[in-house]
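Chains A and B, in that order, are what the protein sequence lines are. Using this note's numbering, read the first sequence as starting at 66 and increasing by one per residue. Using this note's numbering, read the second sequence as starting at 66 and increasing by one per residue.
Protein chains: 2
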Amino acid sequence: MNEFTRLDAIVKRIAESTVRRLSIYLRFLEEFEVRGSTTVSSEELARRGGTTSAQVRKDLSFFGSFGKRGLGYSVPELSTALREILGLGREWRVVIIGAGKIGAALAQYRGFRQRGFNILAVYDSNPEKVGRTLEGIEIRDMSRFESDVERERPEIAVIAIPGEGAQEVLDRIVRTGIKAVLNFAPVQLHAPADVTVKAVNMAMELEGLSFALSNRD
Amino acid sequence: MNEFTRLDAIVKRIAESTVRRLSIYLRFLEEFEVRGSTTVSSEELARRGGTTSAQVRKDLSFFGSFGKRGLGYSVPELSTALREILGLGREWRVVIIGAGKIGAALAQYRGFRQRGFNILAVYDSNPEKVGRTLEGIEIRDMSRFESDVERERPEIAVIAIPGEGAQEVLDRIVRTGIKAVLNFAPVQLHAPADVTVKAVNMAMELEGLSFALSNRD
DNA sequence: GCTAGTTTGTGAACGAATTCACAAGGCTCG
DNA sequence: CGAGCCTTGTGAATTCGTTCACAAACTAGC
Ligand SMILES: NC(=O)c1ccc[n+]([C@@H]2O[C@H](COP(=O)([O-])OP(=O)(O)OC[C@H]3O[C@@H](n4cnc5c(N)ncnc54)[C@H](O)[C@@H]3O)[C@@H](O)[C@H]2O)c1
Ligand SMILES: NC(=O)c1ccc[n+]([C@@H]2O[C@H](COP(=O)([O-])OP(=O)(O)OC[C@H]3O[C@@H](n4cnc5c(N)ncnc54)[C@H](O)[C@@H]3O)[C@@H](O)[C@H]2O)c1
Chain A
66 MNEFTRLDAI VKRIAESTVR RLSIYLRFLE EFEVRGSTTV SSEELARRGG TTSAQVRKDL
126 SFFGSFGKRG LGYSVPELST ALREILGLGR EWRVVIIGAG KIGAALAQYR GFRQRGFNIL
186 AVYDSNPEKV GRTLEGIEIR DMSRFESDVE RERPEIAVIA IPGEGAQEVL DRIVRTGIKA
246 VLNFAPVQLH APADVTVKAV NMAMELEGLS FALSNRD
Chain B
66 MNEFTRLDAI VKRIAESTVR RLSIYLRFLE EFEVRGSTTV SSEELARRGG TTSAQVRKDL
126 SFFGSFGKRG LGYSVPELST ALREILGLGR EWRVVIIGAG KIGAALAQYR GFRQRGFNIL
186 AVYDSNPEKV GRTLEGIEIR DMSRFESDVE RERPEIAVIA IPGEGAQEVL DRIVRTGIKA
246 VLNFAPVQLH APADVTVKAV NMAMELEGLS FALSNRD
């Protein structure tokens, strides 16, 4: 640490684990909202989320102070704040690549639309699938991808094709300027630093279970 | 730390992040095996896996020493060792609860069987679905669950039903003595400490992307 | 309006995970 | 078989994330 430390470094980078927990807190707050609770303590959020009250307060403290000492947090106020922090105050345009079993399940899943993720289209390279729809969502030919993106400007792409083609498709996605990608293929993908790639790797989770079963003392 | 520190505490607990990386290394080793490469360096594994060579060596060092100085690691030897460590040297019996879109996709997914995860059956509470099959896997009535488990002894259960019923189903799973659960419902589940529960939460990953998009300076 | 009782917000302490850095070991080639 | 080169394995240093602990701020009850 020296005197030339850049000012912007003072804005602490937020840990991924913190962001994940904010998602969890928001989910509980939405339950509480439905039930009509008006306030909630860090202790209660912690119990439900499987963490500690200090952790909850620390997580929130990176973004401001949302509570009232002696009382807790206002459920609607904290929900609003968390939605704002997580960028859920708006709609995001999403495209899915791959109209297979996973791609179709995702396209038909209501939970995404509910949270503001609007699926524009599903792309596939198989001519048999192109032209059909999945709950009203078009399956389009992959060759249209770049020109469609230019016009419709999706912010998020989901990769749901077999591992072999995944890096190549990611490269195409990156070239269109999309900066956020969710990958379901069980391969490690490489992208420039300004593109955020998250992976949902079920095989890896199962292997984690296998490890846990094999190594209990 | 005092002089009564239990001996078994010396066997360091392995970090979850380490186990996840071992999965990733194994995937590359399998690619290398196919291509006929005989040795690989920590540097190369690191490059492919998006980490550092020191990290690779440290991860492996928790379990023994598998390499040759000056040369690297033997691909077949390291693969075998990793499969052993991850508990993939054997077959695991798996049951899926919920024959909906996700449950069906999982049941039909070949990647699991390939890695030794043998799906015994899918359970559902909807009488319309019970009795059908998914690629040869029976959909059974949920009421049979406990007696089937007693007989067939699955080690792993996968929860693929809506969030509302998930905790209740987890409690049933726990009562049968199953110690490893993979959860796809977007809710935080609570289980005794001796039961490992891993979650695949796609909504949370998407929210992580939303956060990243909203907070790029 | 004072006291007792809560709960937040946050530095400081701690602990866990990653990275550094280098000695030790092994291979190759002359 | 010795010099030069390469790569592992691992303590030590560092960085990152969590937990502790308590002053500050608020409520409620009297
Ligand atoms: N099905 C599961 O339960 C499951 C579980 C874990 C991981 N995955 C992974 O998710 C991915 C998709 O799995 P799935 O079961 O849906 O596969 P699938 O075979 O059912 O579907 C893949 C689809 O992608 C299309 N496709 C292939 N290459 C393409 C390309 N280059 N461009 C556009 N479209 C292309 C195919 O035409 C097909 O429609 C795979 O990587 C798989 O490993 C699936
Ligand atoms: N479909 C997706 O792409 C997707 C994405 C992310 C998360 N999820 C989550 O995965 C879970 C399943 O999603 P889905 O799309 O497959 O839902 P779905 O509605 O297609 O299927 C759910 C199935 O579970 C059965 N079921 C309900 N309650 C049950 C119970 N108590 N015992 C046994 N069976 C029961 C239903 O009969 C139905 O067949 C949900 O929690 C959902 O939020 C799904």
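Cβ atoms here follow ideal geometry from the backbone N, Cα and C, with glycine treated the same way. It should be emphasised that the depicted structure is a prediction, and the values quoted were computed from it without experimental measurement.
Check: From which residue to which residue does the alpha helix (DSSP H) around A119 (chain A) run?
Finding: Position 54 of the first sequence, counted from the first residue, corresponds to residue 119 (chain A). Under the DSSP assignment, A119 (chain A) falls in the alpha helix (DSSP H) whose first and last residues are S118 to S126.
Notebook entry, point to check: With distances taken between CB atoms, is the gap from I238 (chain B) to A225 (chain B) smaller than 7 Å?
Noted result: Sequence index remark: in the second sequence, residue 238 (chain B) carries index 173 (1-based). Sequence index remark: in the second sequence, residue 225 (chain B) carries index 160 (1-based). Taking 7 Å as the cut-off, the Cβ atoms of I238 (chain B) and A225 (chain B) do not count as close.
Next item on the list: Mark Q253 (chain B) as exposed unless 16 or more other C-beta atoms lie within 10 angstroms of its C-beta, in which case mark it buried.
Entry: As a working mapping, residue 253 (chain B) is identified with position 188 in the second sequence. Buried is the call here.
Item checked: Start-end ranges of the alpha helix (DSSP H) lying completely within the region 160-241 of chain B, minimum 4 residues -> Here the runs fully enclosed are 166-173, 175-179, 210-217 and 228-241.
Note to self: So F182 (chain A) and L271 (chain B) are supposed to be a Cβ contact under 8 Å. How far apart are they, rounded?
What the structure shows: Taking the first residue of the first sequence as 1, we reach residue 182 (chain A) at position 117. Taking the first residue of the second sequence as 1, we reach residue 271 (chain B) at position 206. At roughly 6 Å, the Cβ-Cβ gap stays under 8 Å, so F182 (chain A) and L271 (chain B) are in contact.
Next item on the list: Give the straight-line distance between the Cα atoms of F276 (chain B) and R85 (chain A), rounded to the nearest whole angstrom.
Entry: Position 211 of the second sequence, counted from the start, is the residue given in the question as residue 276 (chain B). Position 20 of the first sequence, counted from the start, is the residue given in the question as residue 85 (chain A). Answer to the nearest angstrom: the Cα atoms are 10 Å apart.
Item checked: G286 (chain B): contacting residues in chain A (beta-carbon distance under 7 Å) -> As shown, chain B starts at 66 and ends at 282. That puts residue 286 (chain B) outside it, with no answer to give.
Next item on the list: Kindly indicate which three-state DSSP category L247 (chain B) falls into: helix, strand or coil?
Entry: Here residue 247 (chain B) refers to the residue found at position 182 when the second sequence is read from its first residue. It is a strand residue.
Notebook entry, point to check: From the beta carbon of I167 (chain A), is the nearest beta carbon of chain B less than 7 Å away?
Noted result: Within the first sequence, the letter at position 102 stands for residue 167 (chain A). Yes, contact with chain B.
Notebook entry, point to check: From A:S279, A:G273 and A:A256, pick the residue whose C-alpha is nearest to that of G114 (chain B); which is it?
Noted result: As a position in the second sequence, residue 114 (chain B) is number 49, starting the count at 1. Out of A:S279, A:G273 and A:A256, A:A256 has the C-alpha closest to the C-alpha of G114 (chain B).
Check: Quick one: is K123 (chain A) buried, meaning 16 or more other Cβ sit within 10 Å of its Cβ, or exposed?
Finding: Along the first sequence, read from residue 1 onward, the residue named residue 123 (chain A) stands at position 58. Here K123 (chain A) is exposed, its C-beta having fewer than 16 other C-beta atoms within 10 Å.
Notebook entry, point to check: Do S126 (chain B) and ligand 1 come close, with the Cβ less than 6 Å from some heavy atom?
Noted result: Locating residue 126 (chain B) in the second sequence gives position 61, where the first residue counts as 1. No, the beta carbon of S126 (chain B) sits no closer than 6 Å to any heavy atom of ligand 1.
Notebook entry, point to check: Could one say the Cβ of R85 (chain A) lies closer than 7 Å to chain B's Cβ atoms, at least one of them?
Noted result: One-based indexing of the first sequence puts residue 85 (chain A) at position 20. Judged by the 7 Å Cβ criterion, R85 (chain A) is in contact with chain B.
Note to self: Under 6 Å: does the beta carbon of Y174 (chain A) sit that close to some heavy atom of ligand 2?
What the structure shows: The sequence position of residue 174 (chain A) within the first sequence is 109, counting from 1. Within the chosen limit of 6 Å, ligand 2 reaches the beta carbon of Y174 (chain A) through at least one heavy atom.
Next item on the list: State the start and end residues of the unbroken alpha helix (DSSP H) segment that holds V99 (chain B).
Entry: Here residue 99 (chain B) refers to the residue found at position 34 of the second sequence. E81 to R100 is the span of the alpha helix (DSSP H), which, as asked, contains V99 (chain B).
Next item on the list: Helix, strand or coil for T261 (chain B), going by three-state DSSP, please let me know.
Entry: Counting from one through the second sequence, the residue named residue 261 (chain B) turns up at place 196. In the structure shown, the three-state DSSP call for T261 (chain B) is strand.
Notebook entry, point to check: At which residues does the beta strand (DSSP E) containing D137 (chain A) begin and terminate?
Noted result: Within the first sequence, residue 137 (chain A) is the residue found at index 72, counting from 1. The sequence shown places Gly at residue 137 (chain A), not Asp. Per DSSP, the unbroken beta strand (DSSP E) holding G137 (chain A) starts and ends at G137 to S139.
Item checked: C-alpha gap between R148 (chain B) and A231 (chain A), whole angstroms -> Taking the second sequence and counting its residues from 1, one reaches residue 148 (chain B) at position 83. Taking the first sequence and counting its residues from 1, one reaches residue 231 (chain A) at position 166. Distance between the alpha carbons of R148 (chain B) and A231 (chain A) is about 25 Å.
Checklist line | Cβ of F276 (chain B) within 7 Å of any chain A Cβ | finding: On the second sequence, residue 276 (chain B) is found 211 positions in, with the first residue counted as 1. Contacts with chain A at 7 Å (Cβ-Cβ) include F276 (chain B).
Next item on the list: Would you mind telling me which residues of chain B sit closer than 7 Å to A170 (chain A), beta carbon to beta carbon, in chain order?
Entry: Residue numbering aside, residue 170 (chain A) sits at position 105 when the first sequence is read from its first letter. The contacting residues are K166, I167 and A170.
Note to self: I'd like to know whether the C-beta atoms of P219 (chain B) and V160 (chain B) end up nearer to each other than 7 Å.
What the structure shows: On the second sequence, residue 219 (chain B) is found 154 positions in, with the first residue counted as 1. On the second sequence, residue 160 (chain B) is found 95 positions in, with the first residue counted as 1. Contact flag set, yes.
Next item on the list: Identify, in the order they occur along the chain, each residue of the same chain with its Cβ nearer than 8 Å to the Cβ of E193 (chain B), setting aside the five sequence neighbours on each side.
Entry: One-based indexing of the second sequence puts residue 193 (chain B) at position 128. None.
Note to self: Beta-carbon within less than 7 Å of D206 (chain A)'s beta-carbon, same chain only, minus the 5 sequence neighbours each way: which residues are those?
What the structure shows: Sequence index remark: in the first sequence, residue 206 (chain A) carries index 141 (1-based). Contacts found: V195.
Notebook entry, point to check: Going by the beta-carbon positions, is the gap between I162 (chain A) and V234 (chain A) smaller than 7 Å?
Noted result: The residue given as residue 162 (chain A) occupies position 97 in the first sequence. The residue given as residue 234 (chain A) occupies position 169 in the first sequence. Contact: yes.
Check: What is the DSSP secondary structure of T103 (chain A), reduced to helix, strand or coil?
Finding: As a first step, residue 103 (chain A) is located in the first sequence; it is residue number 38 there, counting from the start. T103 (chain A) falls in the coil class under three-state DSSP.
Next item on the list: Using the Cα positions of R155 (chain B) and L91 (chain B), report the straight-line distance between them to the nearest angstrom.
Entry: In the second sequence, the residue the question calls residue 155 (chain B) occupies position 90. In the second sequence, the residue the question calls residue 91 (chain B) occupies position 26. Inter-residue distance for R155 (chain B) and L91 (chain B) is about 16 Å (C-alpha atoms, whole angstroms).
Next item on the list: Write down the C-beta distance between L94 (chain B) and L143 (chain B) rounded to the nearest angstrom, noting that I regard them as a contact closer than 8 Å.
Entry: Along the second sequence, read from residue 1 onward, the residue named residue 94 (chain B) stands at position 29. Along the second sequence, read from residue 1 onward, the residue named residue 143 (chain B) stands at position 78. Contact holds; Cβ gap of about 6 Å.
Note to self: So the candidates are B:I202, B:S212 and B:G176; which of them puts its Cα closest to the Cα of V187 (chain B)?
What the structure shows: Within the second sequence, numbered from 1, the residue matching residue 187 (chain B) stands at position 122. With distances taken between Cα atoms, V187 (chain B) lies closest to B:I202.
Note to self: Just to check my reading of the structure: E98 (chain A) and V140 (chain A) have Cβ atoms closer than 8 Å, yes? What is that Cβ distance to the nearest angstrom?
What the structure shows: Position 33 of the first sequence holds residue 98 (chain A). Position 75 of the first sequence holds residue 140 (chain A). Sure, about 6 Å apart at Cβ, within 8 Å.
Checklist line | Rounded separation between E96 (chain A) and Y174 (chain A) - CA only | finding: On the first sequence, position 31 is the one that residue 96 (chain A) refers to. On the first sequence, position 109 is the one that residue 174 (chain A) refers to. Each residue's CA atom was taken as its position, placing E96 (chain A) and Y174 (chain A) some 20 Å apart.
Check: Once you ignore the five residues that flank L185 (chain A) on each side, which residues in its own chain have a CB closer than 7 Å to its CB?
Finding: Translated into the one-based positions of the first sequence, residue 185 (chain A) becomes position 120. If we look at L185 (chain A) and ignore the five residues flanking it on each side, its Cβ neighbours are R158, V159, V160, E217 and P219.
Next item on the list: Go through its chain and collect everything with a Cβ distance to S88 (chain B)'s Cβ below 7 Å, but skip five positions before and after it.
Entry: By one-based count along the second sequence, residue 88 (chain B) stands at place 23. Correct list, in chain order: L151.
Checklist line | CB of K263 (chain A) within 7 Å of CB of G176 (chain B), strictly | finding: For the purposes of this step, residue 263 (chain A) is taken as residue 198 along the first sequence, with counting starting at 1. For the purposes of this step, residue 176 (chain B) is taken as residue 111 along the second sequence, with counting starting at 1. Inclusion of K263 (chain A) and G176 (chain B) in the CB contact set at 7 Å is not warranted, their separation being larger than that value.
Next item on the list: List the residues of chain B whose Cβ lies closer than 7 Å to the Cβ of Q120 (chain A), in chain order.
Entry: Translated into the one-based positions of the first sequence, residue 120 (chain A) becomes position 55. Per Cβ cutoff of 7 Å: no residues; Q120 (chain A) is ~14 Å from chain B at best.
Checklist line | Cut-off 7 Å between Cβ atoms - residues of its own chain near M269 (chain A), not counting five sequence neighbours on either side | finding: To locate residue 269 (chain A), count along the first sequence from 1; it is residue 204. Spatial neighbours of M269 (chain A) in its own chain (CB-CB distance under 7 Å, excluding positions within 5 residues in sequence) are not present.
Checklist line | Partners in chain B for R113 (chain A), counting only beta-carbon separations shorter than 7 Å | finding: As a first step, residue 113 (chain A) must be located in the first sequence, where it is residue number 48. Correct list: Q253.
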